[in-house]
Amino acid sequence: MNEILLDVESVSKNYSNHRALDNVSLKIPKGSIFGLLGPNGAGKTTLIRIITQIIQSDSGTIKISGETLNPSHIRAIGYLPEERGLYKKMKVGEQLLYLAQLKGMPKSEAMERIKVWFKKLEISSWWNKKVEDLSKGMGQKIQFVATVLHDPKLIILDEPFSGFDPVNANIIKDEILELREKGSTIIFSTHRMESVEELCDEIALINNSKVILNGKKTDIKNSFRTGTFFVNYAGDLINQEVDFKILNTSSLDSGLSRSTVQVKNDTNPNDLLKSLINQVEVHHFEEKIPSMNDIFINMVNRKDNE
Amino acid sequence: MSKIGLIIQREYVTRVRKKSFLILTIVTPLALIGLMFGIFYFALNDVDEKVIEVVDESGYFENKFEDSESIKFSYEKLSLEESKQRLVEESHFGTLYIPEIDIDSPDGIIFLSSSNPSPTLMRRLDGVLNDEIENIKLERSGISQSKLDSLRSDISIKTLSVTEEGEEKESSAAASFGIGYVSSFLIYMFIFLYGAQVMRGVIEEKTNKVVEVIVSSVKPFDLMMGKIIGVSLVGLTQFIIWIVLIFVAGSAVMGTLGLEEAGQMAEASSTVQAQGGAESPKAVEVLNQITSLNMVKIVSLFLFYYLGGYLMYGALFAAVGAAADSDTDTQQFMFPISMPLIIGIIALGFVLQEPNGNMAFWLSVIPFTSPIVMMARIPFEVVGTGELILSMVMLVGGFFLTTWIAGRIYRIGILMHGAKVNYKTLAKWFTMKT
Numbered sequence: 315m316n317e318i319l320l321d322v323e324s325v326s327k328n329y330s331n332h333r334a335l336d337n338v339s340l341k342i343p344k345g346s347i348f349g350l351l352g353p354n355g356a357g358k359t360t361l362i363r364i365i366t367q368i369i370q371s372d373s374g375t376i377k378i379s380g381e382t383l384n385p386s387h388i389r390a391i392g393y394l395p396e397e398r399g400l401y402k403k404m405k406v407g408e409q410l411l412y413l414a415q416l417k418g419m420p421k422s423e424a425m426e427r428i429k430v431w432f433k434k435l436e437i438s439s440w441w442n443k444k445v446e447d448l449s450k451g452m453g454q455k456i457q458f459v460a461t462v463l464h465d466p467k468l469i470i471l472d473e474p475f476s477g478f479d480p481v482n483a484n485i486i487k488d489e490i491l492e493l494r495e496k497g498s499t500i501i502f503s504t505h506r507m508e509s510v511e512e513l514c515d516e517i518a519l520i521n522n523s524k525v526i527l528n529g530k531k532t533d534i535k536n537s538f539r540t541g542t543f544f545v546n547y548a549g550d551l552i553n554q555e556v557d558f559k560i561l562n563t564s565s566l567d568s569g570l571s572r573s574t575v576q577v578k579n580d581t582n583p584n585d586l587l588k589s590l591i592n593q594v595e596v597h598h599f600e601e602k603i604p605s606m607n608d609i610f611i612n613m614v615n616r617k618d619n620e
Numbered sequence: 002m003s004k005i006g007l008i009i010q011r012e013y014v015t016r017v018r019k020k021s022f023l024i025l026t027i028v029t030p031l032a033l034i035g036l037m038f039g040i041f042y043f044a045l046n047d048v049d050e051k052v053i054e055v056v057d058e059s060g061y062f063e064n065k066f067e068d069s070e071s072i073k074f075s076y077e078k079l080s081l082e083e084s085k086q087r088l089v090e091e092s093h094f095g096t097l098y099i100p101e102i103d104i105d106s107p108d109g110i111i112f113l114s115s116s117n118p119s120p121t122l123m124r125r126l127d128g129v130l131n132d133e134i135e136n137i138k139l140e141r142s143g144i145s146q147s148k149l150d151s152l153r154s155d156i157s158i159k160t161l162s163v164t165e166e167g168e169e170k171e172s173s174a175a176a177s178f179g180i181g182y183v184s185s186f187l188i189y190m191f192i193f194l195y196g197a198q199v200m201r202g203v204i205e206e207k208t209n210k211v212v213e214v215i216v217s218s219v220k221p222f223d224l225m226m227g228k229i230i231g232v233s234l235v236g237l238t239q240f241i242i243w244i245v246l247i248f249v250a251g252s253a254v255m256g257t258l259g260l261e262e263a264g265q266m267a268e269a270s271s272t273v274q275a276q277g278g279a280e281s282p283k284a285v286e287v288l289n290q291i292t293s294l295n296m297v298k299i300v301s302l303f304l305f306y307y308l309g310g311y312l313m314y315g316a317l318f319a320a321v322g323a324a325a326d327s328d329t330d331t332q333q334f335m336f337p338i339s340m341p342l343i344i345g346i347i348a349l350g351f352v353l354q355e356p357n358g359n360m361a362f363w364l365s366v367i368p369f370t371s372p373i374v375m376m377a378r379i380p381f382e383v384v385g386t387g388e389l390i391l392s393m394v395m396l397v398g399g400f401f402l403t404t405w406i407a408g409r410i411y412r413i414g415i416l417m418h419g420a421k422v423n424y425k426t427l428a429k430w431f432t433m434k435t
């Protein structure tokens, strides 16, 4: 996991009246699912367009497997943009063949790969269908196939689940995980924090053109821990300022009480549990780990207030 | 295959396979040929026979009017009143009433008819009357018929153009006019027709949102050029099919109809030729002159100016498409593109009258009008080699210029959605870095 596939170093991009990226640096490990997060207009799409060579950065360097980004890398990248679509009048099979050939794949090889994917997603009968006759979800599936068909090392997915029903979203999620297993690196740009929780190994949060948070998801979550625990119990819990403080308490349907308690930073959870056991009958004990959603909102608001 | 090759192929194949292409390509010329055939047929077999009664009180014109396919003359001895009465009661077309006339001032000749006579018919009647009166006058002054015939001459001026090498070549203003007009108009039509296709193709890719996927694989410039070239090949295919169809169907029509009917027509019209009604011999003459024109040169220059003009404008159409989110957004930018083309087509009338004039020269050198105007001049053989080369070089230069400008607008425009675009925006895109 330590080999770096994509190395973004001090990349900046200015448009005539605003700075879209400000000295952005990221290292994306090979074989990881990397969450690129940020509010609308933060600069994610600009960064993706620079990586996919649709536009060029004003300064900074980008390396793929140590090589400076160049046109030969087009074949190594699969890109599913947020604003996506297909040629409506073209047949599904021809369209995929065309897109794969544009990526530089020989026709015969592309044919083989399309067949494999069609079989895998059980859509073999769609070859001769025109795209305009497909439902939105079906179109999305085709688009996903088009993105990964040429076996790219780096797959960039911008909001890949939008437009999918839960069943198809799950199929695509499994495919993403499988692609990672096979060694692909995936950049995953989304607003849906639950999919970030579920899929991402590492994340970067971009706000106002700058990277404001970057690292392993677990590390980031740990760094945002506040020593807060949930306890479900029977009996009366008295606030003991020395060991912990009770932030709030509510009654559960089962007749038990539930409190959120916070300890001082250096307090061991076992010590907290010991002092709780002395007072009440503990039924459930769990640390409150901050969700990515909390971290996202927290960080974006904090920066905006600065 | 190279990426641009793939794009050209896709643009070409998807268009050529469309039903609308087949209809436009196959049905249009067939319909045109059918129409021509129909007009030809009806003109020749105008079986609506008209009878004209000639009431000649002067006695000079007995049996002087010759019958034709569509008009029969009958000679009646009636009074004016009686002939009017007959015209009301019977179904013949009209009555030519010639009273007793003084040959020196022949007044009072009347044509009575149930409906308005055609100018051709009136010219014909007029011609016979005039000729006859002239003959009588000549005879009176002692000139015999044989003398008279020998005095009459039939002149037709043969026009020769002298080539730069000093050779004389037979030329015909009529044939040159026709060829010049048709080829200019075709180029005008093709530029608009296929330019609009490029523009719509770009808008389609933008609104379909497929464009971002494509430009992550190919350069925007390649995508634009691939589209423009692909569509130009569609136009070329259409043109070649039309030419082949017109030749095949045209010669088939000539073969079945021409031999038999053209003879009849020539026969019928030879009698009225002197009265200005002749058509067939002239048509045959023009056909001969067309074949005498340097068709190889005309066709190759047509292809050059079609391609050059189309490529130059095609790039501009692509830029307009890139700046728009829908067809309706294109209006404001279409005006400056259409303007020079329209100027070219308006100037065509003057250029064909004066193919060697100043206006003709300038408009055929400026690349924005040269594809239309130069093609009008070429058949007249008035364009010198130096001038032609200048015009061609300018056109190629114009193509590079518009493509460069359009490419810079295109690469930004295709990624912009929902933005309000005006000329200032276009200028900004043009100067922007990618």
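Heads up: the protein sequence lines correspond to chains C and U, in order.
Reading the first sequence from the start, the letters are residues 315 to 620 in the working numbering.
Reading the second sequence from the start, the letters are residues 2 to 435 in the working numbering.
Where a beta carbon is used, it is the ideal one built from N, C-alpha and C, also for glycine.
Here the structure is a predicted model, which means the values were calculated and not measured.
Per the coordinates, the alpha-carbon of Glu495 of chain C lies some 29 angstroms from the alpha-carbon of Glu408 of chain C. Within chain U, the residues Val214 have their CB atoms less than 8 angstroms from the CB of Ala460 of chain C, given in chain order. In the three-state scheme derived from DSSP, where H, G and I count as helix and E and B as strand, Glu54 of chain U is classed as strand.
Contact of Lys228 of chain U with chain C is not assigned, every C-beta pair being separated by 8 angstroms or more.
Residue environment for His387 of chain C: buried (at least 16 other C-beta atoms within 10 angstroms of its C-beta).
Assignment of Thr504 of chain C by DSSP, reduced to helix, strand and coil, places it in the coil class. Listed along chain U are Asn209, Lys210, Val211, each with a C-beta nearer than 7 angstroms to that of Gly399 of chain C. Scanning chain C for C-beta atoms nearer than 9 angstroms to the C-beta of Leu7 of chain U yields Tyr412, Gln415, Leu416, reported in chain order. Residue range 318 to 328 is occupied by the beta strand (DSSP E) that includes Ile318 of chain C. Among the CB atoms of chain C, one or more fall inside 8 angstroms of the CB of Ser218 of chain U. Gly143 of chain U carries a coil assignment under DSSP once its states are collapsed to helix, strand and coil. Under DSSP, Pro343 of chain C shares a beta bridge with C:Ile318.
Non-local C-beta neighbours of Val338 of chain C in its own chain, meaning closer than 8 angstroms and more than five positions away in sequence, comprise Val322, Ser324, Val325, Ser326, Gly357, Leu361, Gly374, Ile520, Ser523, Lys524, Val525, ordered along the chain.
For Ile299 of chain U, DSSP assigns no beta-bridge partner whatsoever. Spanning the alpha carbons of Val384 of chain U and Leu312 of chain U requires a straight line of approximately 23 angstroms.
The shortest C-alpha to C-alpha distance from Phe348 of chain C to any of C:Asp372, C:Ala518, C:Met404, C:Ser476 is the one to C:Ala518. Using a CB distance cut-off of 8 angstroms, Pro583 of chain C does not count as an interface residue toward chain U. If only uninterrupted beta strand (DSSP E) runs of at least 3 residues are considered, those enclosed by the region 564 to 619 of chain C are 571 to 577, 595 to 601. For Ile410 of chain U against Lys228 of chain U, the beta-carbon gap comes to about 15 angstroms, at or over 8 angstroms, which does not count as contact. In the three-state scheme derived from DSSP, where H, G and I count as helix and E and B as strand, Arg125 of chain U is classed as helix. Apart from sequence neighbours up to five positions away, the residues of its chain that approach Ser114 of chain U with a beta-carbon distance below 8 angstroms are Leu88, Phe94, Gly95, Thr96, ordered along the chain. No Cβ-Cβ contact shorter than 8 angstroms links Val55 of chain U with Leu79 of chain U. Counting along the chain, the unbroken beta strand (DSSP E) around Glu77 of chain U starts and ends at 72 to 77. By the neighbour-count criterion, in which a residue is buried when 16 or more other Cβ atoms sit within 10 angstroms of its Cβ, Thr366 of chain C is buried. Taking all protein chains shown into account, Gly453 of chain C has 16 or more neighbouring C-beta atoms within 10 Å of its C-beta and is therefore buried. Only residues of its own chain outside the window of five on either side were considered, and among them Thr359, Asp472, Glu473, Ser476, Ser503 have a CB closer than 8 angstroms to the CB of Glu396 of chain C, listed in chain order. According to DSSP, residue pairing for Lys444 of chain C in a beta bridge involves C:Lys405. Rounded to the nearest angstrom, the Cβ distance from Phe318 of chain U to Met200 of chain U is 4 angstroms, consistent with a contact under 8 angstroms. Residues of chain C whose Cβ lies closer than 7 angstroms to the Cβ of Arg11 of chain U are, in chain order, Tyr412. One Cα belongs to Val445 of chain C, the other to Leu400 of chain C, and the distance between them is close to 7 angstroms. Interface criterion met: the Cβ of Met433 of chain U is under 8 angstroms from a Cβ in chain C. According to DSSP, Ser69 of chain U shares a beta bridge with no other residue.
Counting the other Cβ atoms within 10 Å of the Cβ of Arg616 of chain C gives fewer than 16, which makes it exposed. Per DSSP, Val525 of chain C is one residue of the beta strand (DSSP E) stretching across 524 to 530. Neighbours of Ser330 of chain C across chain U, judged by C-beta separation under 8 angstroms: Lys429, Met433. Trp441 of chain C and Ser327 of chain U have their C-alpha atoms some 30 angstroms from each other.
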